[in-house]
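For the sequence shown, counting from 1, position 33 maps to 35 in my numbering; every step adds exactly one. Notes follow the structure.
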Amino acid sequence: MFFSDEYFMKIAYQEALQAYELDEVPVGAVVVLNDQIIGKGHNLTQTLTDVTAHAEMLAITAASNHLTAKYLQDCTLYVTLEPCIMCAGAIALAQVGKLVYGAHDPKRGYTLLGKNILHPKTEVVTGIMEEECKELLIRFFNQKRDS
Numbered sequence: 003m004f005f006s007d008e009y010f011m012k013i014a015y016q017e018a019l020q021a022y023e024l025d026e027v028p029v030g031a032v033v034v035l036n037d038q039i040i041g042k043g044h045n046l047t048q049t050l051t052d053v054t055a056h057a058e059m060l061a062i063t064a065a066s067n068h069l070t071a072k073y074l075q076d077c078t079l080y081v082t083l084e085p086c087i088m089c090a091g092a093i094a095l096a097q098v099g100k101l102v103y104g105a106h107d108p109k110r111g112y113t114l115l116g117k118n119i120l121h122p123k124t125e126v127v128t129g130i131m132e133e134e135c136k137e138l139l140i141r142f143f144n145q146k147r148d149s
C-alpha cells in the first residue's frame, strides 16, 4: 500500500496538536520507512526544559532507536514547520533521504542560512498542508500575545 505525503503530514499535524495542548510551540514530526511510522515526536522544550527537544530531534532519535542505526537514508521525515538550523544539522548527519515540511519559517528556518546545510542526497518537498500548519502556529502565538 502507498500512502501520500499528505497522509503522513496529517499524522505530523496530530503530533503538533499534542504540543499545542501542552502549551508547547505546535510542531510535530514523523519518520517513515516503507509506509510505516518508525519515529514521531512533538515539541517538548518547555516540558523537558531542554532547548534541543524539538519535534524533529525526538522523531529522529526514535527512528534511530527503532532501526538501531544512526543513518536514515531510506526514510522520510515529515514536519509541520521548516526545521531550524539545529534540526537541519541533525537531518544532515542522519542522512535523511527525504524531508517534507508544511509551513516555512521566515524567522528561524534553515533555508535562511542556505539550503546546502542538508545532506546533498536529501530530497526536499515543501508546502504540504502549509496553510493548516501555519494557522496552528499563528493561533498559538496570538493566544500567547493575548494572555
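C-beta atoms are modelled at their ideal positions from N, C-alpha and C, and glycine is treated no differently.
Within its own chain, the residues whose Cβ lies closer than 6 Å to the Cβ of E125, once the five positions on either side in sequence are excluded, are K100, listed in chain order. Cβ contact annotation for L24 (same chain, cutoff 7 Å, sequence separation greater than five): T49, in chain order.
C77 carries a coil assignment under DSSP once its states are collapsed to helix, strand and coil. Distance between T70 and I93, taken at the CA atoms: about 16 Å. For Q16, the closest alpha carbon among the candidates F4, V32, F5 is that of V32. Excluding residues up to 5 positions away in sequence, nothing lies with its Cβ nearer than 6 Å to the Cβ of L114 in the same chain. Burial state of I130 is buried, judged by a 10 Å Cβ sphere holding 16 or more other Cβ atoms.
A18 sits close to V29, with the two beta carbons spaced by under 7 Å. Ranking E132, A96, Y112 by CA distance to the CA of C77 puts A96 first.
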